[in-house]
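*Asks:* This is the structure I want to talk about, given as structure tokens.
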Amino acid sequence: MRIYQESDYEAMSRRAANLISAEVIRNPACVLGLATGSTPVGTYKQLAVWSQKGDFSFKEVTTVNLDEYKGLAPTHDQSYRYFMQANFFDHIDIDAAKTHIPDGLAADPGAECARYDELIRSLGYADLQLLGLGHNGHIGFNEPCDNFVKATHVIDLAESTIAANARFFSSADDVPRQALTMGIGCIMAARRVLLIASGADKADAVYNAFCGPITPFCPASILQLHNDMVLVGDKAALSKLV
Ligand code: F6R
């Protein structure tokens, strides 16, 4: 595993953007696995600035997002489709048809999960998968439980996740209780995994993920077994690693 310890959120974002842009420059038709949440916002902003300058292009890139809330329309301002458009896709030259996110409104969510798994498999899996990290060790919306779930699936969100995400909604009651999430199988099948973490409140989660036992009760701990794992964090988030 390679670890980059950066001074602060801005430096973490620049480093992550650097690694992602290197992938796009090396392989302009790469498949990028993408995450939402507050951690990657700066990374997306930096990537948009560099690509607008003409340093590289997203025209041939395909993206697959980790997850989507069940029941939210793409036009809902808290849906992950909306987030990706507002924070990234609307600012780069990517082909909209090459951006993929699970359909939160699918009439048959189980069938949608199977379709999404098959799509990622048919793309040959992600060349680089960007991940944030939940306080409880979740990646995507793979919440702590007693087994690692390989396939894309519908998940009941943990109470701590609902509480953490309530900041984006008018109240905790408005946070959807379920989501469709890529499973551990597709995440681990990515050729490279890039996990970013920022802030002292993530220090325990980072420690548990990378120094604790490999257990589904801390889903990110499976990443210890990935053979091209890159961790980029700011000092505060990595403070318990040393
Ligand atoms: C969202 C996702 C989640 C977040 C995690 C951290 O697509 O995959 O696992 O990465 O909840 O969220 P933030 O970055 O808001 O702390």
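According to the working numbering, the residues represented by the sequence shown are 4 to 245, in order. Where is the CB? At the ideal position from N, CA and C, for every residue including glycine.
Which residues in the same chain have their Cβ closer than 6 Å to the Cβ of N211, if we skip the five residues on either side of it in sequence?
*Replies:* Numbered from its first residue, the sequence shown carries residue 211 at position 208. So the list reads G140 and C221, once near-sequence residues are dropped.
*Asks:* For the stretch 141 to 154 against the stretch 101 to 114, do three or more pairs of beta-carbon atoms, one drawn from each stretch, fall closer than 8 Å, so that the two count as touching?
*Replies:* no
*Asks:* Taking C-alpha atoms, which residue in I123, S173, Q88 and E162 lies nearest to A192?
*Replies:* Residue 192 sits at position 189 when you count from the first residue of the sequence shown. Selected option, being the one with the closest Cα: I123.
*Asks:* Applying the 10 Å Cβ sphere with the 16-neighbour rule, what's the burial state of N68?
*Replies:* Counted from its first residue, the sequence shown places residue 68 at position 65. When all chains shown are included, N68 counts as buried.
*Asks:* Considering A182, what are the terminal residues of the beta strand (DSSP E) in which it resides?
*Replies:* Counting from one through the sequence shown, the residue named residue 182 turns up at place 179. Secondary structure note for A182: its beta strand (DSSP E) is the uninterrupted segment Q181 to T184.
*Asks:* Would you kindly work out how many angstroms separate the C-alpha atoms of P112 and L183, rounded to a whole number?
*Replies:* As a first step, residue 112 must be located in the sequence shown, where it is residue number 109. As a first step, residue 183 must be located in the sequence shown, where it is residue number 180. Looking at the two C-alpha atoms, the distance is approximately 8 Å.
*Asks:* Excluding five sequence neighbours on each side, which residues of the same chain lie with their C-beta closer than 7 Å to the C-beta of S82?
*Replies:* In the sequence shown, the residue the question calls residue 82 occupies position 79. Result list for S82: E71, Y72, L75, A76 and G107, in chain order.
*Asks:* Between which residues of its own chain and L228 is the CB-CB distance below 7 Å, once the five residues before and five after are set aside?
*Replies:* Locating residue 228 in the sequence shown gives position 225, where the first residue counts as 1. Shown here for L228: same chain residues with a beta carbon closer than 7 Å to its own, the five before and five after excluded, namely I217 in chain order.
*Asks:* Can you name, in chain order, every residue of its own chain whose Cβ lies under 6 Å from the Cβ of I6, other than the five neighbours on each side?
*Replies:* Residue 6 sits at position 3 when you count from the first residue of the sequence shown. Within the same chain, I6 has close Cβ partners L234.
*Asks:* So for S79, helix, strand or coil by DSSP?
*Replies:* Residue numbering aside, residue 79 sits at position 76 when the sequence shown is read from its first letter. Inspection of the sequence shows that residue 79 is occupied by His rather than by Ser. Coil.
*Asks:* Smallest Cα separation from A114: which of T155, Q132 and N150?
*Replies:* As a first step, residue 114 must be located in the sequence shown, where it is residue number 111. Here the closest residue by C-alpha is T155.
*Asks:* Classify G57: buried if its beta carbon has 16 or more other beta carbons within 10 angstroms, exposed otherwise.
*Replies:* Looking up residue 57 in the sequence shown gives position 54. Classification for G57: exposed.
*Asks:* In the DSSP assignment, what residue or residues form a beta bridge with T218?
*Replies:* In the sequence shown, the residue the question calls residue 218 occupies position 215. According to DSSP, which records beta bridges pairwise, T218 is partnered with C221.
*Asks:* For F91, is the beta carbon positioned less than 8 Å from some heavy atom of the ligand F6R?
*Replies:* For the purposes of this step, residue 91 is taken as residue 88 along the sequence shown, with counting starting at 1. F91 Cβ: outside cutoff for every heavy atom of the ligand F6R.
*Asks:* Indicate whether V64 and I28 have their beta-carbon atoms separated by less than 9 Å.
*Replies:* The count along the sequence shown starts at 1 and reaches residue 64 at position 61. The count along the sequence shown starts at 1 and reaches residue 28 at position 25. Taking 9 Å as the Cβ cut-off, V64 and I28 do not qualify as a contacting pair.
*Asks:* Which of the three DSSP states, helix, strand or coil, is assigned to G113?
*Replies:* Counting from 1 along the sequence shown, the entry for residue 113 is found at position 110. If DSSP states are grouped into helix, strand and coil, G113 belongs with the helices.
*Asks:* What is the DSSP secondary structure of M15, counted as helix, strand or coil?
*Replies:* Along the sequence shown, one-based indexing puts residue 15 at 12. Of the three classes helix, strand and coil, the one that applies to M15 here is helix, per DSSP.
*Asks:* Is any non-hydrogen atom of the ligand F6R found closer than 8 Å to the C-beta of F213, if you look at the structure I gave you?
*Replies:* Here residue 213 refers to the residue found at position 210 of the sequence shown. Because no heavy atom of the ligand F6R lies under 8 Å away, the Cβ of F213 does not count as near it: no.
*Asks:* Go ahead and pull the three-state DSSP assignment for G40.
*Replies:* Here residue 40 refers to the residue found at position 37 of the sequence shown. Here G40 sits in coil by DSSP.
*Asks:* At a threshold of 8 Å, does P112 count as lining the ligand F6R (C-beta to nearest heavy atom)?
*Replies:* The residue you call residue 112 lines up with position 109 of the sequence shown. No, the Cβ of P112 stays beyond 8 Å of every heavy atom of the ligand F6R.
*Asks:* Out of D231, V178, A240 and K101, point me to the one whose CA is closest to M4's CA.
*Replies:* Sequence index remark: in the sequence shown, residue 4 carries index 1 (1-based). For M4, the nearest C-alpha among the options comes from D231.
*Asks:* Looking at C-alpha atoms only, which residue of D237, R170 and T78 is the closest neighbour of G202?
*Replies:* Taking the first residue of the sequence shown as 1, we reach residue 202 at position 199. With distances taken between CA atoms, G202 lies nearest to D237 out of D237, R170 and T78.
*Asks:* My output table needs one value for H94: the three-state DSSP class, helix, strand or coil.
*Replies:* If you number the sequence shown from 1, residue 94 lands on position 91. DSSP places H94 in helix when its eight states are reduced to three.
*Asks:* Who are the Cβ neighbours of K11 in its own chain at under 7 Å, not counting the five residues just before and after it?
*Replies:* Taking the first residue of the sequence shown as 1, we reach residue 11 at position 8. Looking at the sequence itself, residue 11 is Asp, so the reference to Lys does not match. So the list reads D237, once near-sequence residues are dropped.
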